[in-house]
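Read in this note's numbering, the sequence shown has 537 at position 120, and its numbers run on one by one without any break. Comments concern the structure below.
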Amino acid sequence: MNSLNQSAKDTGITLSSVTFETATDAVLPQAVSGAISNRLVQVPLTVNAQGSYDKLRSFVAKVQDMERVVVPSSLTYPLGTASTGADQATTDSLSMTCNTYSLVDSTSIAGSTGTGSTGTSD
Numbered sequence: 418m419n420s421l422n423q424s425a426k427d428t429g430i431t432l433s434s435v436t437f438e439t440a441t442d443a444v445l446p447q448a449v450s451g452a453i454s455n456r457l458v459q460v461p462l463t464v465n466a467q468g469s470y471d472k473l474r475s476f477v478a479k480v481q482d483m484e485r486v487v488v489p490s491s492l493t494y495p496l497g498t499a500s501t502g503a504d505q506a507t508t509d510s511l512s513m514t515c516n517t518y519s520l521v522d523s524t525s526i527a528g529s530t531g532t533g534s535t536g537t538s539d
């Protein structure tokens with residue numbers, strides 16, 4: 418979450434909501450699954466933001482460059498959404514659905530399969 422907030426600040430956009438879903442085991446290709454000794458989980462998240470189109474695109478690029486792997490699966494740019502501020506300016510918006518991944522110790526999540534929480538702050 419800290420990385421998302423910093424990316425928003427750096428690009429001059431406003432985050433209106435960030436929603437994290439329940440962590441689940443990531444599905445890995447067979448060739449890779451034996452190379453990872455810990456448990457890899459994916460956490461779906463949805464980000465909604467406002468700003469100019471160029472700033473929103475810069476934000477998506479910064480998210481993709483974060484240290485934690487974040488893979489967008491859906492991006493929507495509803496352009497020209499009217500804001501409700503005192504100046505009644507027109508702004509663009511972004512709705513981004515993505516997955517972030519984290520390696521966790523199998524014993525740190527209740528049970529060794531299924532869903533759980535990663536406890537991540539990024």
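Ideal Cβ placement from N, Cα and C applies to all residues, glycine included.
Are at least three pairs of beta-carbons, each pair with one atom in the region 508 to 520 and one in the region 458 to 470, less than 8 Å apart?
As far as the Cβ criterion goes, the region 508 to 520 touches the region 458 to 470, which means the pair count is three or higher.
Can you tell me the Cβ-Cβ gap for Thr-428 and Phe-476, rounded? I've got them flagged as a contact below 8 Å.
Their Cβ separation, rounded to whole angstroms, is 4 Å, which keeps Thr-428 and Phe-476 in contact under 8 Å.
I'd like to check one pair, Leu-520 with Leu-457: are the Cβ atoms closer than 8 Å?
Yes, the Cβ-Cβ distance between Leu-457 and Leu-520 is below 8 Å.
Could you give the residue range of the beta strand (DSSP E) that holds Val-444?
That residue, Val-444, is in no beta strand (DSSP E); it is neither H nor E in DSSP.
Please list the terminal residues of the continuous alpha helix (DSSP H) segment that includes Ser-475.
Looking at the DSSP string, the run of the alpha helix (DSSP H) that includes Ser-475 is 470 to 481.
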